Amino acid sequence: MIVAITGAARGIGLATAKAFKAKGATVVIGDIDEEAVRKAAEEHGLKGVRLDVTDRASFEAFLAEAGDYRVLVNNAGIMPIGSILDESDADARRCIDINVHGVMLGTKLALAKFVPEGRGHVVNVGSIAGILPTPGLALYNGSKGAVVMFTEAARQEVAKHGVQVSAVLPTFTNTELVAGTRSPKGQKNAEPEDIAQAIVKIIAKPRPRVTVPAKFGAQLKLASLLPQAVQDRLNARLGLDTIFLDFDESARKGYDARIRS
Numbered sequence: 000m001i002v003a004i005t006g007a008a009r010g011i012g013l014a015t016a017k018a019f020k021a022k023g024a025t026v027v028i029g030d031i032d033e034e035a036v037r038k039a040a041e042e043h044g045l046k047g048v049r050l051d052v053t054d055r056a057s058f059e060a061f062l063a064e065a066g067d068y069r070v071l072v073n074n075a076g077i078m079p080i081g082s083i084l085d086e087s088d089a090d091a092r093r094c095i096d097i098n099v100h101g102v103m104l105g106t107k108l109a110l111a112k113f114v115p116e117g118r119g120h121v122v123n124v125g126s127i128a129g130i131l132p133t134p135g136l137a138l139y140n141g142s143k144g145a146v147v148m149f150t151e152a153a154r155q156e157v158a159k160h161g162v163q164v165s166a167v168l169p170t171f172t173n174t175e176l177v178a179g180t181r182s183p184k185g186q187k188n189a190e191p192e193d194i195a196q197a198i199v200k201i202i203a204k205p206r207p208r209v210t211v212p213a214k215f216g217a218q219l220k221l222a223s224l225l226p227q228a229v230q231d232r233l234n235a236r237l238g239l240d241t242i243f244l245d246f247d248e249s250a251r252k253g254y255d256a257r258i259r260s
């Protein structure tokens, strides 16, 4: 089986590539950081390709390099944080272009191959932020909410053709995306390997959507039944009302520079 993974020079994408390779799959990784994806590919015995998920020609070339792939993992994404009043128009456009358009483009290209063949699986890496609005994450919330809805609509449309489309929604995960922030009270961050294992499992046993950790799915459903005022107080108690507004800007400097370059 050939697996293609976007945004895979580091973090969740690279952990997922390693997990699939450990299962015997041939893995092709793409990333806009050409040097990083080359080094990651060499180190882990993968095929690495420069990929700009916002550009159709680049995405088509990446998938052509993957050949007769059976799985596409749309993982590439960025997470600008901070007050909505401080977010630039450029950040907003880039966030939507990568997180939403990149996922849509990859999904469409993969489905154009999978549907006629009557097989294949697209996994879109969303986020719990796609179903849990959080102050300081407005741009990211909006982008990941779009991914959740897009993925479910696509799944329903192509299921009759024997093709799978799934969403994996990680919680706070120890990657560069959360640099300079703190965890919600009483919560331990997930590791990239946790998300990778969830993606591998959803290919082996397809499901429309999973959260990581799985218990969060049930907890969020229960919380959604509470009055909004109670939900707001609960979020404040966990610190979710300030985590992405009160953060260490110096610790995020490198990441912010990279996602805006």
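Every letter in the sequence shown is one number past the one before it in numbering that gives the first Met the number 0, and letter 167, counting from 1, is 166. From the three backbone atoms N, C-alpha and C, an ideal C-beta is built for every residue, glycine too. These figures come from a predicted structure and were not determined experimentally.
Proximity to residue i [Cα-Cα], best of the options
i       : options                            : result
Thr-180 : Gly-12, Ile-80, Met-0, Arg-9       : Ile-80
Glu-64  : Thr-25, Ala-39, Ala-213            : Thr-25
Gly-144 : Ile-127, Arg-154, His-160, Val-157 : Ile-127
Thr-172 : Arg-69, Arg-55, Thr-210            : Thr-210
Ser-82  : Ala-56, Leu-136, Gly-23            : Leu-136
Ala-329 : Lys-204, Pro-207, Gly-101, Glu-86  : Outside the displayed span of the chain (0 to 260) sits residue 329, for which this structure offers no information.
Ala-111 : Asp-67, Ile-4, Ile-97, Leu-13      : Asp-67
Gly-23  : Phe-61, Val-36, Ile-1, Glu-41      : Ile-1
Lys-204 : Leu-104, Ser-165, Gln-186, Arg-154 : Ser-165
Arg-206 : Arg-37, Gln-218, Thr-150           : Thr-150
Phe-58  : Ala-3, Lys-20, Ala-21, Ser-87      : Ala-3
Gln-218 : Ile-28, Leu-62, Thr-170            : Thr-170
Arg-49  : Glu-116, Leu-84, Gly-6             : Gly-6
Gly-129 : Glu-116, Arg-208, Lys-220, Val-147 : Val-147
Arg-154 : Gln-186, Ser-142, Arg-259, Arg-118 : Arg-118
Ala-56  : Glu-116, Leu-108, Leu-138          : Leu-108
Asn-140 : Met-103, Glu-116, Val-99           : Val-99
Ser-87  : Val-114, Val-124, Leu-138, Glu-41  : Leu-138
Gly-125 : Ser-142, Glu-116, Pro-132          : Ser-142
Leu-62  : Ala-35, Glu-116, Ile-28            : Ile-28
Gln-186 : Arg-208, Lys-200, Lys-214          : Lys-214
Cβ neighbours of residue i in the same chain (closer than 7 Å, five flanking residues each side left out)
i       : result
Asp-290 : Residue 290 falls outside the range modelled here, since the chain spans only 0 to 260, and no answer is possible.
Ile-198 : Thr-15, Val-72, Val-122, Val-167
Thr-174 : Gly-10, Ile-11, Pro-191
Ile-97  : Val-52, Thr-53, Ala-75, Gly-76, Ile-77
Ala-250 : Ala-178, Gly-179
Arg-37  : Gly-47
Own chain partners of residue i with C-beta closer than 6 Å, once the 5 adjacent residues on each side are dropped
i       : result
His-120 : Val-70, Gln-163, Ile-202
Val-177 : Phe-171
Asp-247 : Gly-179
Tyr-254 : Glu-175, Ala-178
8 Å Cβ shell around residue i - same chain, five flanking residues per side excluded
i       : result
Ala-222 : Gln-230, Leu-233
Lys-184 : Arg-236, Leu-237, Gly-238
Gln-196 : Ala-18
Leu-104 : Val-52, Thr-53, Arg-55, Phe-58
Start-to-end residues for the alpha helix (DSSP H) that takes in residue i
i       : result
Ala-89  : 88 to 95
Arg-257 : 248 to 259
Start-to-end residues for the beta strand (DSSP E) that takes in residue i
i     : result
Ala-3 : 1 to 4
Practice item. Count the C-beta pairs between the stretch 210 to 230 and the stretch 148 to 163 that are closer than 8 Å, then say yes if the count reaches three, no if not. Key: no
Exercise for review: Return the chain-ordered ranges of every beta strand (DSSP E) run that is complete within the stretch 174 to 243 and spans a minimum of 3 residues.
Suggested key: 208 to 211
Exercise for review: Could you tell me whether the stretch 79 to 96 touches the stretch 32 to 50, using the rule of 3 or more Cβ pairs below 8 Å?
Suggested key: no
Check your understanding: Given 8 Å as the limit, is there contact between the stretch 187 to 207 and the stretch 241 to 249, that is, 3 or more CB pairs closer than that?
Key -> no
Check your understanding: What are the uninterrupted segments assigned as beta strand (DSSP E) that are 3 or more residues long and contained completely in the stretch 17 to 82, given in chain order?
Key -> 25 to 30, 46 to 49, 70 to 73
Review point. Mind pulling the alpha helix (DSSP H) runs of 4 or more residues that sit fully within the stretch 112 to 182?
Key: 137 to 157
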